[in-house]
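With the numbering used here applied, the sequence shown corresponds to residues 105 to 311, in that order.
Note that CB positions come from ideal geometry on N, CA and C, so glycine has one too.
Fair warning: this is a prediction, and the values are worked out from it, not measured in the lab.
In what follows, a structure is listed as structure tokens, so that the remarks can point back to it.
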Amino acid sequence: MPRIEVLNIKGENVGELELNQTLFDANVSEHAVYEVVKNQLANKRQGTQSAKTRAEVRGGGRKPFRQKGTGRARQGSIRAPHFTGGGIVFAPKPRNYRYSLPKKIRRLALYSVLTSKFRDGELVVVDQLKLEDYKTKNAVEILANLDASKKAYVVIAENDDKVYRSFRNIEGADVQTANLINVYDLLRHEKLVITKDAIAKLEEVFI
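Following this line, the structure appears as structure tokens:
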């Protein structure tokens, strides 16, 4: 079983925690991670892009000049794609980019990223994350103590307004509850700062 030291918000070692083998000692699948990230980005797309084909642009109803005798190439409409103001060939239209992946692939990708965070030393476990005030200054100090000042992904067990509002103004830092973490956000951040309660929540939700 993998083990990791537990810190308090001052950065002091206050114990050791045995991590779940399924979550933090899995066989890393880079392809599963790639598929899940691609899926998440596709599902975020609005799909509202739109352009007009030659059938939809205004004008061009009359033949611009006669078919023969001008020495020019024959033309049927000034709204053909090669004219200025003409339609777009294969114009993009609103569409839905969403698609789903099997649950096993999504889980494998999550296990892979969590395992990589642990093995690469990018996992920081905190005994608890309780703030007395709504102060960004305190949140910045906590991240500095935990050596996680750059792009920290702070994961807590339950919604905590003080934690959320204290960390939200820190550039590169995000706060999320354990049941809503995702592969793309884990990869975007350098350090994963997670409480002991949140790890227990991960085991409850994702195993």
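Would you call the CB atoms of residue i and residue j closer than 8 Å?
i, j, result
"N117", "L123", "no"
"A155", "P198", "no"
"D278", "D264", "no"
"F215", "L296", "The question names Phe, yet the displayed sequence has Tyr at residue 215. Result no, Cβ atoms of Y215 and L296 do not sit closer than 8 Å."
"V132", "R210", "no"
"V137", "A213", "yes"
"Y238", "K266", "yes"
"T281", "E262", "yes"
Buried or exposed, going by whether 16 or more other CB atoms sit within 10 Å of the CB of residue i?
i, result
"H135", "exposed"
"K234", "exposed"
"I260", "buried"
"H186", "exposed"
"L284", "exposed"
"A304", "exposed"
"T152", "exposed"
"A177", "exposed"
Less than 7 Å between C-beta atoms, sequence neighbours within five positions excluded: which residues of the same chain meet that for residue i?
i, result
"E109", "N117, E120"
Between residue i and the rest of its own chain, which residues show a CB-CB distance below 6 Å, the 5 nearest in sequence each way excluded?
i, result
"A146", "Y201"
"N249", "K114, G115"
"E307", "N124"
"N143", "L205"
"I182", "G164, P168"
Start and end of the beta strand (DSSP E) containing residue i?
i, result
"Y257", "256 to 260"
"Q280", "278 to 281"
"E122", "117 to 122"
"R107", "107 to 111"
Please find out if some non-hydrogen atom of the ligand NAD comes closer than 7 Å to the beta-carbon of residue i.
i, result
"R166", "Inclusion of the ligand NAD in the displayed structure is not the case, the ligand content being empty and no account of it being possible."
Cutting at 8 Å between CB atoms, please list the residues of its own chain near residue i, excluding the five before and the five after it.
i, result
"A184", "R158, G164, G190, G191"
"A130", "L212, Y215, S216, L218, T219"
"T299", "V229, V230, D231, Q232, L233, V259, I260, A261"
Looking at the unbroken alpha helix (DSSP H) that takes in residue i, where does it start and where does it end?
i, result
"L306", "300 to 310"
"L218", "207 to 223"
"L291", "287 to 292"
"I246", "240 to 249"
"V229", "Careful: V229 lies outside any alpha helix (DSSP H), inside the beta strand (DSSP E) at 227 to 230."
"D265", "265 to 271"
"Q171", "Per DSSP, Q171 belongs to no alpha helix (DSSP H) and is neither H nor E."
"E139", "134 to 148"
"T157", "Segment: none, T157 is in no alpha helix (DSSP H) and carries neither H nor E."
Taking Cβ positions only, does residue i come closer than 8 Å to chain D?
i, result
"N200", "Note that chain D does not occur in the displayed structure, where there is just one protein chain."
Check your understanding: Touch check for the region 252 to 261 and the region 157 to 177: three-plus C-beta pairs under 8 Å?
Key -> no
Check your understanding: Touch check for the region 185 to 203 and the region 219 to 226: three-plus C-beta pairs under 8 Å?
Key -> no
Review point. Between the region 224 to 232 and the region 193 to 213, do three or more beta carbon pairs fall short of 8 Å?
Key: no
Practice item. Please confirm if the region 266 to 273 is in contact with the region 237 to 249, defined as three or more CB-CB distances below 8 Å between the two stretches. Key: yes
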